[in-house]
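Visitor: Per UniProt numbering, the sequence shown starts with residue 1, numbered consecutively.
Backbone N, C-alpha and C define an ideal beta-carbon position, used for all residues, glycine too.
Predicted, not measured: the structure shown is a model, and the values here were computed from it.
Below is one structure. I have some questions about it.
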Amino acid sequence: MSLTEIDLHQQLKKYFGFSQFKGLQEQVITSIVKGKDTFVVMPTGGGKSLCYQLPALIADGTAIVVSPLIALMKNQVDAIRGISSEHGVAHVLNSSLNKTEVRQVKEDISNGITKLLYVAPESLTKEDYVEFLRGQTISFLAIDEAHCISEWGHDFRPEYRNLRSIIKRIGDNIPIIALTATATPKVQEDILKNLGITDAKTFKASFNRPNLYYEVRPKTKNVDADIIRFVKQNEGKSGIIYCLSRKKVEELAQTLQVNGISAVPYHAGLEAKTRSRHQDMFLMEDIDVVVATIAFGMGIDKPDVRFVIHHDIPKSIESYYQETGRAGRDGGEGHCLAFYSYKDIEKLEKFMSGKPVAEQEIGHALLQEIVAYAETSISRRKFILHYFGEEFDQETGEGGTMDDNVRYPKKQVEAEEEVIL
Ligand code: ADP
Ligand code: MG
1 MSLTEIDLHQ QLKKYFGFSQ FKGLQEQVIT SIVKGKDTFV VMPTGGGKSL CYQLPALIAD
61 GTAIVVSPLI ALMKNQVDAI RGISSEHGVA HVLNSSLNKT EVRQVKEDIS NGITKLLYVA
121 PESLTKEDYV EFLRGQTISF LAIDEAHCIS EWGHDFRPEY RNLRSIIKRI GDNIPIIALT
181 ATATPKVQED ILKNLGITDA KTFKASFNRP NLYYEVRPKT KNVDADIIRF VKQNEGKSGI
241 IYCLSRKKVE ELAQTLQVNG ISAVPYHAGL EAKTRSRHQD MFLMEDIDVV VATIAFGMGI
301 DKPDVRFVIH HDIPKSIESY YQETGRAGRD GGEGHCLAFY SYKDIEKLEK FMSGKPVAEQ
361 EIGHALLQEI VAYAETSISR RKFILHYFGE EFDQETGEGG TMDDNVRYPK KQVEAEEEVI
421 L
């Protein structure tokens with residue numbers, strides 16, 4: 001495949017209707033088109049999907065896309081089908097398909113119609129699929145949410161660790177592109193090591209989200225009322241409110257409803273049907289607010305989430321960054337408000353007490369970082385970016401004034417109780 005720069009822009013316009021590449025997209029795509037193993041570290045909302053979708057659409061053969069969630073794959077397949085006249089251009093291969101459907105998918109791949117094949121890692125272990133794919137033209141293999149490979153990541157999935165051997169069986173020289181929004185060096189190392197990639201072209205984007213406003217408020221017994229007030233001041237806007245427990249999710253969703261706010265709960269304890277209905281209601285804007293545990297969010301592509309509130313402080317800066325990253329994906333306003341009390345930290349510590357010592361140690365270290373974030377009086381953006389190994393100058397950097405500490409320097413946020421070290 002040889003493509004000039006103009007071609008790529010034309011293809012971008014043709015398939016996606018965009019006239020500009022975002023961030024490093026063009027360089028990433030060029031690397032893939034050249035058949036190089038490629039590693040992409042870009043924050044949530046950075047536009048990682050397009051990095052493999054566009055080269056897949058213009059390449060010969062089928063690109064295999066490994067992705068952890070069925071809902072996420074379905075969203076993407078629907079979107080791709082929406083931009084192509086050929087229904088079979090994108091398929092999902094998973095256990096929910098019946099024989100006829102599987103036959104159709106295979107036929108479309110064999111006929112060169114299918115450009116993107118989405119699979120869950122566990123489906124790729126099926127002998128029948130591996131056997132079939134081995135005989136096909138595979139353009140490259142994309143591993144989305146590649147941090148799932150690493151035990152150091154926030155979402156480790158054991159199935160991801162077998163990918164290397166499976167890829168080898170499907171084909172010897174299939175280029176690999178791994179993508180993640182996890183910026184910590186440990187996770188990145190793990191990904192490349194596990195995939196056996198030694199000379200990847202690595203593209204790392206800045207993790208600065210200049211349009212997000214970061215704020216921490218002390219958490220008092222009036223926190224629910226504070227949240228209601230905030231939501232009412234932002235009437236009609238979409239928002240996510242994260243709580244630690246399912247019980248609190250239910251309670252707070254109800255409290256909001258009673259106060260005339262259109263909100264639904266979302267957590268893993270709800271029936272799958274209810275969960276997907278609530279998710280759809282949020283995406284379709286039948287409701288404004290989702291009150292959720294961390295079960296909600298991965299792969300949710302709602303561009304205009306205007307606020308993310310944390311009723312409880314999360315267990316790491318990494319988690320906080322991921323969860324707040326769901327705000328303002330369209331580049332518009334995104335208010336990230338966390339309520340903080342040291343009591344919640346103690347609660348999180350207690351949750352870990354039954355775990356292996358090594359895990360507790362990691363957990364404790366991560367918690368100390370989030371405490372430091374909540375209690376800092378320096379620029380919150382600077383603090384977060386520093387955690388990810390980035391230098392940020394709030395005088396000149398984009399979004400430098402977009403947090404409470406910079407805007408209201410005198411206001412000190414402190415834990416409700418004294419911190420005893
Ligand atoms: P990520 O996977 O990195 O979190 P996505 O691939 O879901 O991000 O993309 C985030 C948003 O950015 C999507 O709404 C997508 O349509 C949009 N997007 C991607 N590339 C471009 C581009 N070149 N121009 C404008 N919008 C883009
Ligand atoms: Mg993504």
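Whole angstroms is fine: what's the gap from L133's alpha carbon to A292's?
Guide: Position 133 of the sequence shown holds residue 133. Position 292 of the sequence shown holds residue 292. Rounded to the nearest angstrom, the two C-alpha atoms are 39 Å apart.
Visitor: With DSSP as the reference, please indicate the residues paired to K201 in a beta bridge.
Guide: Indexing the sequence shown from 1 puts residue 201 at position 201. According to DSSP, K201 bridges with T38.
Visitor: Per DSSP, which one or two residues make a beta bridge with I64?
Guide: For the purposes of this step, residue 64 is taken as the residue at position 64 of the sequence shown. I64 is bridged to L117 and L141.
Visitor: Between D304, K343 and E346, which lies nearest to R326 when the distance is taken from Cα to Cα?
Guide: For the purposes of this step, residue 326 is taken as the residue at position 326 of the sequence shown. Checked all of D304, K343 and E346; the closest Cα to R326 is D304.
Visitor: Going along the chain, which unbroken runs of the beta strand (DSSP E) with 3 or more residues stay wholly within the UniProt domain "Helicase C-terminal" (222–378)?
Guide: Runs of the beta strand (DSSP E) inside the UniProt domain "Helicase C-terminal" (222–378): 238–242, 263–266, 289–292, 305–310 and 334–340.
Visitor: Given 8 Å as the limit, is there contact between the region 224–233 and the region 301–320, that is, 3 or more CB pairs closer than that?
Guide: They touch, by the three-pair rule.
Visitor: Check for me: the beta strand (DSSP E) holding Y214 runs from which residue to which?
Guide: Position 214 of the sequence shown, counted from the first residue, corresponds to residue 214. Looking at the DSSP string, the run of the beta strand (DSSP E) that includes Y214 is L212 to P218.
Visitor: Does ligand 2 have a heavy atom nearer than 8 Å to the CB of L116?
Guide: Residue mapping note: residue 116 aligns to position 116 of the sequence shown, counting from 1. Not under cutoff, so the answer is no.
Visitor: Return the first residue and the last residue of the beta strand (DSSP E) that H91 is part of.
Guide: Here residue 91 refers to the residue found at position 91 of the sequence shown. Per DSSP, H91 belongs to the beta strand (DSSP E) from A90 to L93.
Visitor: List the endpoints of the continuous alpha helix (DSSP H) containing I177.
Guide: Start at 1 with the first residue of the sequence shown, and residue 177 comes out as number 177. Counting along the chain, I177 falls outside any alpha helix (DSSP H), though it belongs to the beta strand (DSSP E) covering I176 to T180.
Visitor: Is D155 helix, strand or coil when you go by DSSP?
Guide: Looking up residue 155 in the sequence shown gives position 155. Coil.
Visitor: Between the region 212–223 and the region 391–408, do three or more beta carbon pairs fall short of 8 Å?
Guide: Short answer: they touch.
Visitor: Using the C-alpha atoms, what's the distance from L252 back to N259?
Guide: In the sequence shown, residue 259 corresponds to position 259, counting from 1. In the sequence shown, residue 252 corresponds to position 252, counting from 1. C-alpha separation (whole angstroms): 10 Å.
Visitor: Compute the distance between the beta-carbons of S150 and T182, then report whether it is under 9 Å.
Guide: Residue 150 sits at position 150 when you count from the first residue of the sequence shown. Residue 182 sits at position 182 when you count from the first residue of the sequence shown. Yes. Within cutoff.
Visitor: Kindly list the residues whose CB is nearer than 6 Å to the CB of G328, restricted to its own chain and excluding five residues on each side of it in sequence; keep chain order.
Guide: Residue mapping note: residue 328 aligns to position 328 of the sequence shown, counting from 1. Closer than 6 Å at the Cβ level, and outside the excluded window around G328, lie N211, L212 and G334.
Visitor: For E395, which option in Q10, Y387, A263 and I378 has the closest C-alpha, if you only look at C-alpha atoms?
Guide: Stepping through the sequence shown from its first residue, residue 395 is reached at position 395. Considering only alpha carbons, the answer is I378.
Visitor: Could you name the residues that DSSP lists as bridge partners for D403?
Guide: Locating residue 403 in the sequence shown gives position 403, where the first residue counts as 1. Bridge partners of D403: Y214.
Visitor: Please go through the same chain and pick out, in chain order, the residues whose beta-carbon is closer than 6 Å to the beta-carbon of S44, but skip the five residues on each side of it.
Guide: Here the question's residue 44 lines up with position 44 in the sequence shown. Sequence inspection shows Thr at residue 44; the Ser mentioned does not correspond to that position. Answer for T44: A181 and G325, listed in chain order.
Visitor: How about G239 and V290: are their beta carbons less than 9 Å apart?
Guide: Reading the sequence shown from its first residue, position 239 is the one you call residue 239. Reading the sequence shown from its first residue, position 290 is the one you call residue 290. Result yes, Cβ atoms of G239 and V290 sit closer than 9 Å.
Visitor: Identify whether A146 lies in helix, strand or coil by the three-state DSSP scheme.
Guide: Residue mapping note: residue 146 aligns to position 146 of the sequence shown, counting from 1. Three-state DSSP puts A146 in a helix.
Visitor: Quick check: does the Cβ of A183 come within less than 8 Å of any heavy atom belonging to ligand 1?
Guide: For the purposes of this step, residue 183 is identified with residue 183 of the sequence shown, where counting begins at 1. False, no ligand heavy atom lies under 8 Å from that Cβ.
Visitor: Does the separation of the CB atoms of P121 and Y160 fall below 9 Å?
Guide: Here residue 121 refers to the residue found at position 121 of the sequence shown. Here residue 160 refers to the residue found at position 160 of the sequence shown. The answer is yes: Cβ separation under 9 Å.
Visitor: Quick one, which of V33, K302, K74 and S49 has its alpha-carbon nearest K22's?
Guide: To locate residue 22, count along the sequence shown from 1; it is residue 22. The option with the nearest alpha carbon to K22 is S49.
Visitor: Under three-state DSSP, which class holds N75?
Guide: The residue given as residue 75 occupies position 75 in the sequence shown. Residue state, collapsed to three classes: helix.
Visitor: In chain order, what residues of the same chain lie with their CB nearer than 7 Å to the CB of D224, ignoring the 5 residues before and after it?
Guide: Against the sequence shown, residue 224 aligns to sequence position 224. So the list reads L252 and T255, once near-sequence residues are dropped.
Visitor: Which first and last residues belong to the alpha helix (DSSP H) in which L133 is found?
Guide: Here residue 133 corresponds to residue number 133 of the sequence shown, with the count starting at 1. First-last of the alpha helix (DSSP H) with L133: E127 to R134.
Visitor: Contact between the region 106–126 and the region 79–95 is defined here as three or more beta-carbon pairs at a separation below 8 Å; is this criterion met?
Guide: As far as the Cβ criterion goes, the region 106–126 touches the region 79–95, which means the pair count is three or higher.
Visitor: Counting pairs of beta carbons, one from the region 140–149 and one from the region 169–181, are three or more of them closer than 8 Å?
Guide: Yes: at least three Cβ pairs fall under 8 Å.
Visitor: Mark Y52 as exposed unless 16 or more other C-beta atoms lie within 10 angstroms of its C-beta, in which case mark it buried.
Guide: Working through the sequence shown from its first residue, we reach residue 52 at position 52. Looking at its Cβ environment, which holds 16 or more other Cβ atoms inside 10 Å, Y52 is buried.
Visitor: Any heavy atom of ligand 1 within a distance shorter than 8 Å of the CB on D330?
Guide: Along the sequence shown, read from residue 1 onward, the residue named residue 330 stands at position 330. Flag set: Cβ of D330 near ligand 1.
Visitor: Given a cut-off of 9 Å on the beta-carbon distance, is the pair Y266 and E323 in contact?
Guide: Counted from its first residue, the sequence shown places residue 266 at position 266. Counted from its first residue, the sequence shown places residue 323 at position 323. Against a cut-off of 9 Å, the Cβ pair of E323 and Y266 comes out as no contact.
Visitor: In angstroms, rounded to a whole number, what distance separates the CA positions of E361 and V130?
Guide: As a working note, residue 361 is residue 361 in the sequence shown. As a working note, residue 130 is residue 130 in the sequence shown. Distance between the alpha carbons of E361 and V130: 40 Å.
Visitor: Let's see if you can read the secondary structure: which residues bound the alpha helix (DSSP H) around K99?
Guide: Along the sequence shown, read from residue 1 onward, the residue named residue 99 stands at position 99. Note, K99: alpha helix (DSSP H), K99 to S110.
Visitor: Ends of the alpha helix (DSSP H) at R380?
Guide: Here residue 380 is taken as the residue at index 380 of the sequence shown, counted from 1. From DSSP, the alpha helix (DSSP H) with R380 extends over R380 to Y387.
Visitor: Start and end of the alpha helix (DSSP H) containing K188?
Guide: The residue labelled residue 188 in the question sits at position 188 within the sequence shown. Just to set this straight, residue 188 is Gln in the shown sequence, not Lys. Start and end: P185 to L195.
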